[in-house]
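Some notes on the structure that comes next.
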Amino acid sequence: MISWFNRSRIRSYVKLSTRKQNKMKQEVDLRHSEQRSILDSRLSNARDCARKADRLQKRGKDAKAKEEINSFKLELASSQPVLNAYVNTALEKQLLEVMAVEGFTFPDVLNDLRSDIDYGLFSVNATDELDALLSAEVNPFDELGIEI
Amino acid sequence: MSKPIYDRLAKMSKRKLDGLEYDHHQHLNRFSNAKEGKVNEVQSLDKRLEKLSSKASKELESSIPRALGTAMEMRHVKADLLIAKSVLSVLRSNQFYHRLMVMLIQDVKAGVEYDPSRVDNMASSEFSELVEGSILSTNLDGILGDLRSELDGHLGGGEQ
């Protein structure tokens with residue numbers, strides 16, 4: 039029912055030796071840090087394009103401003119898969135940290151009490167579903183009604 | 094879940110119950126502290142998102158490209174907020190589990206009869222927020238509604 043907690047990779051983590059747990063955590067930490075760095079870089083590039091477009095538009099250079107908006111659009115499109123991967127890795131990283139707390143219990147032990155508890159992104163079934171959800175929901179541009 | 098646990102606890106010696114209560118108390122403290130830290134993180138992200146939203150609203154009055162740049166940043170903050178809220182729900186469920194165990198052990202030691210409605214009430218109150226509205230929908234609704242209205246007004250309801 040709570041999909042992340044049914045994953046064998048997550049279930050087996052608690053049974054691993056400390057050395058293997060640390061190794062797995064290091065791998066996830068490294069991946070998280072790389073994805074964050076790429077994401078920050080795309081964000082910075084996109085903001086630069088937006089600023090340039092703003093300046094050019096104010097000077098009446100609409101064609102050049104349009105080019106900058108196109109570059110912005112490219113940065114936006116290219117950052118979506120990285121954002122999806124980043125969210126997936128961040129969830130795993132933080133879950134491993136919680137699981138390392140002494141006394142951790144998988145939440146499904148509480149299912150008999152309340153089966154309707156919402157565990158947010160951890161309730162999302164597969165990577166594909168997470169991608170679709172993030173593309174749709176973590177997107178201020180659609181919310182703004184702007185088709186860039 | 095709690096009745097079989099209660100029955101199992103009822104068969105334990107007082108010494109074992111004392112030890113178990115101590116362990117669950119320790120775990121409860123750990124998860125309570127972890128939850129508090131995560132709540133602070135959620136609040137901080139909420140504030141950041143609010144500031145960005147307000148900034149984008151102002152930018153829309155003078156420059157749509159600038160508002161786009163801010164909206165791009167909002168996207169990242171929204172993702173971090175979803176992650177933090179999801180982790181918070183796991184911490185909360187662990188905190189609740191250990192609190193429930195402490196309560197059941199204390200009840201057994203005090204000779205209190207098992208009362209399922211008490212457990213239900215505990216669960217309802219602890220998780221009401223996570224049941225009444227999904228983390229995703231509560232988080233995502235309304236964040237940009239005002240901004241969109243302003244933009245519609247700014248653009249005369251059209252698309253740019």
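Chains as they are written, first to last, in the working numbering: chain A, 39 to 186; chain B, 94 to 253.
In this text, a Cβ means the ideal position worked out from N, Cα and C, and glycines have one as well.
Since we're looking at a predicted model, the values are computed, not measured.
| query | result |
| --- | --- |
| Residue 206 (chain B) versus residue 199 (chain B): straight-line alpha-carbon distance, rounded | 11 Å |
| Short-range partners of chain A found in the region 187-200 of chain B, where Cβ spacing is below 9 Å | 187, 189, 190, 191 and 193 |
| Environment of residue 128 (chain B) [buried if 16+ CB atoms lie within 10 Å] | buried |
| Reference residue 116 (chain A), options A:128, A:83, A:161 and A:63, closest by Cα | A:83 |
| Reference residue 171 (chain A), options A:77, A:118, A:54 and A:81, closest by Cα | A:118 |
| Those runs of the alpha helix (DSSP H) which lie wholly inside the region 91-143 of chain A and span at least 4 residues | 100-137 |
| N- and C-terminal bounds of the alpha helix (DSSP H) containing residue 122 (chain B) | 107-155 |
| Min CB distance residue 91 (chain A) to chain B below 7 Å | yes |
| Neighbourhood of residue 173 (chain B) by C-beta distance below 6 Å, restricted to the same chain and skipping five residues each side | 138 |
| Straight-line gap, residue 114 (chain A) to residue 71 (chain A) (C-alpha atoms, nearest Å) | 20 Å |
| Min CB distance residue 103 (chain B) to chain A below 7 Å | no |
| Amino acids of chain B, ordered along the chain, whose beta-carbon sits closer than 7 Å to that of residue 140 (chain A) | 120 and 123 |
| Any chain A beta carbon closer than 7 Å to residue 231 (chain B) | Confidence is the limiting factor: at residue 231 (chain B) the pLDDT is only 37, short of 50, which leaves the residue's position unreliable, though a coordinate-based value still follows. Taking Cβ atoms only, chain A never reaches closer than 7 Å to residue 231 (chain B), which makes this a no. |
| Buried/exposed call for residue 127 (chain A), threshold 16 Cβ in 10 Å | buried |
| Residues of the region 156-179 of chain B whose Cβ lies closer than 7 Å to any Cβ of chain A, in chain order | 156, 158, 159, 161, 162, 164, 165, 166, 167, 168, 169, 171, 172, 175, 176, 178 and 179 |
| Local conformation of residue 214 (chain B) per DSSP, three classes | helix |
| Host alpha helix (DSSP H) of residue 207 (chain B) (start-end) | Residue 207 (chain B) -> no alpha helix (DSSP H), and no H or E assigned at all. |
| 8 Å Cβ cut-off: residues of chain B touching residue 125 (chain A) | 172, 175 and 176 |
| Residue burial classification, residue 147 (chain B) (beta-carbon count within 10 angstroms, cutoff 16) | exposed |
| Within-7 Å CB hit, residue 183 (chain B) to chain A | yes |
| Beta carbon proximity, residue 132 (chain A) to chain B, threshold 7 Å | yes |
| Residue 143 (chain A) at chain B interface by Cβ criterion, 7 Å | yes |
| Coarse secondary structure for residue 54 (chain A), derived from DSSP in three states | coil |
| is_contact[residue 115 (chain A), chain B] using C-beta, thresh 7 Å | no |
| 7 Å Cβ cutoff, residue 88 (chain A) in contact with chain B | yes |
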